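Q: Here it is, the structure in full.
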Ligand code: UTP
């Protein structure tokens, strides 16, 4: 089985749900506690064995590229002031030269279109897609769980989780061929089903392992729900010829593309931090 070495991170969306903060700062660069959301996502990818990250970017997203590069003035200041721990922490996040690629989507036409923009960098091998606004807190990093499932059954893997009752119409929902354990063969999927028509309560939560054949289907550029080129539609077509499994991964997702989701992530991650947790708890309790 060919290994999963590359990940696509689509970051070209406009982030309208987290305006005005995302007007000039890419929403993927908004902070959770003391670092941008993307910092957690890249760490999760590395923990799953990803060797190359392909960011699909757009206008005004330059801060992302700069974050994953040296900042000579800052680094020499930290060195001069003896703040060596922070210097070490900042340098530890830097990629090896050539470990990251940046391609432009040029217009936010939908997630399917964003993934298609990465086709030449991915080439003819299986790859991961990580939606960077979905921050996942899990003992075994969520993408690692997906890669482990891929190593077990091959084909295409989609991480899913139960959605709150009555909210299926907001998400991509999967249909399963029987439901036993956490890894199940899929029979279909639908983007934003009309209320009451959803085939299950499991929504596609932002981590995928896909085969490169998806690019041929995305090339048709068919528009789906919301007038966007949907990844879900191309995956549904790929399912006619390739196997898909849904993995109910073990962990908690925070939708950081949403104001309350971002707030919840900040609280949850601050409370978990060994250096900040006690102080964060005291501060929150005082507010309550
Ligand atoms: P979202 O739908 O959550 O992002 O897409 P958005 O369009 O920025 O959100 P709102 O609704 O306006 O707030 C999930 C991920 O896919 C990327 C986004 O940047 C986000 O990380 N995306 C979405 C693209 O890269 N290109 C697109 O055309 C659409």
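Numbering (the working numbering), first residue to last: 124 to 411. Where a beta carbon is used, it is the ideal one built from N, C-alpha and C, also for glycine. Just so it is clear, the structure is predicted and the values come from calculations on it, not from any experiment.
1. Using a Cβ-based criterion (distance less than 7 Å to any ligand heavy atom), does residue 135 qualify as near the ligand UTP?
2. For the ligand UTP, is there a heavy atom less than 7 Å away from the beta-carbon of residue 380?
3. Who are the Cβ neighbours of residue 310 in its own chain at under 6 Å, not counting the five residues just before and after it?
4. Check each candidate in 322, 227, 391 and 324 and name the one with the smallest Cα separation from residue 244.
5. Where does the unbroken beta strand (DSSP E) through residue 279 begin, and where does it stop?
6. Under a Cβ-count criterion, where at least 16 other Cβ atoms within 10 Å of its own Cβ denotes burial, should residue 334 be classed as buried or exposed?
7. So does residue 350 have its beta carbon nearer than 7 Å to some heavy atom of the ligand UTP?
8. Indicate the three-state DSSP secondary structure (helix, strand or coil) for residue 127 in the structure shown.
9. Which complete beta strand (DSSP E) runs does the segment 212 to 252 hold, if anything under 3 residues is left out?
10. Based on DSSP bridge pairs, tell me the residues matched to residue 369.
11. When the Cα of residue 293 is compared with those of 395, 275, 128 and 324, which residue comes out closest?
12. Any heavy atom of the ligand UTP closer than 7 Å to the Cβ of residue 151?
13. If you follow the alpha helix (DSSP H) that residue 407 is part of, which residue opens it and which one closes it?
14. Residues in the same chain with beta-carbon distance under 7 Å from residue 296, minus the five sequence neighbours each way, listed in chain order, please.
15. Specify whether the segment 223 to 238 and the segment 342 to 359 touch according to this definition: at least 3 beta carbon pairs, one from each stretch, less than 8 Å apart.
16. Pull up the CB-CB distance for residue 240 and residue 179, whole angstroms please, since I reckon it's below 8 Å.
17. With DSSP as the reference, label residue 384 as helix, strand or coil.
18. What is the rounded straight-line gap between the Cα of residue 399 and the Cα of residue 204?
19. By a C-beta neighbour count over all protein chains shown, 10 Å radius and 16 as the cutoff for buried, is residue 173 buried or exposed?
20. Give me the Cβ distance between residue 141 and residue 389, rounded to the nearest whole Å; I'm assuming they're in contact under 8 Å.
21. Does DSSP put residue 148 in a helix, a strand or coil?
22. Which residues bound the beta strand (DSSP E) around residue 327?
23. I need the boundaries of the beta strand (DSSP E) containing residue 297, first residue and last residue.
24. For residue 359, which residues in the same chain have their Cβ closer than 6 Å to its Cβ, ignoring the five residues on either side in sequence?
A: If we stick to the structure as given:
1. It does: the Cβ of residue 135 is within 7 Å (strictly closer) of some heavy atom of the ligand UTP.
2. The closest heavy atom of the ligand UTP lies less than 7 Å from the beta carbon of residue 380.
3. Cβ within range, chain order: 298 and 300.
4. Closest in alpha carbon position to residue 244, among 322, 227, 391 and 324, is 227.
5. From DSSP, the beta strand (DSSP E) with residue 279 extends over 279 to 285.
6. Answer is buried; the Cβ neighbour count reaches 16.
7. Residue 350: no, Cβ never under 7 Å from the ligand UTP.
8. DSSP places residue 127 in the coil class of the three-state scheme, outside both helix and strand.
9. Runs of beta strand (DSSP E) with 3 or more residues, each lying fully within the segment 212 to 252, are found at 223 to 227, listed in chain order.
10. Partner residues in the beta bridge of residue 369, as assigned by DSSP, are 281 and 307.
11. Of the candidates 395, 275, 128 and 324, the one whose C-alpha sits nearest the C-alpha of residue 293 is 324.
12. Because some heavy atom of the ligand UTP lies under 7 Å away, the Cβ of residue 151 counts as near it: yes.
13. From DSSP, the alpha helix (DSSP H) with residue 407 extends over 400 to 410.
14. For residue 296, the CB contacts under 7 Å within the same chain, skipping 5 residues up- and downstream, are 312, 313, 316, 321, 322, 323, 325 and 326 in chain order.
15. Verdict: yes, contact present.
16. That belief holds up - the Cβ atoms of residue 240 and residue 179 are roughly 5 Å apart, short of 8 Å.
17. Residue state, collapsed to three classes: helix.
18. Spanning the two alpha carbons is a distance of roughly 23 Å.
19. By the Cβ-count criterion, residue 173 is buried, with 16 or more other Cβ atoms from all chains shown falling within 10 Å of its own Cβ.
20. Rounded to the nearest angstrom, the Cβ distance from residue 141 to residue 389 is 13 Å, too far for a contact under 8 Å.
21. Coil at residue 148, not helix or strand.
22. Residue 327: member of the beta strand (DSSP E) spanning 325 to 333, first to last residue.
23. Start and end: 295 to 299.
24. Excluding sequence neighbours, residue 359 sits near 312.
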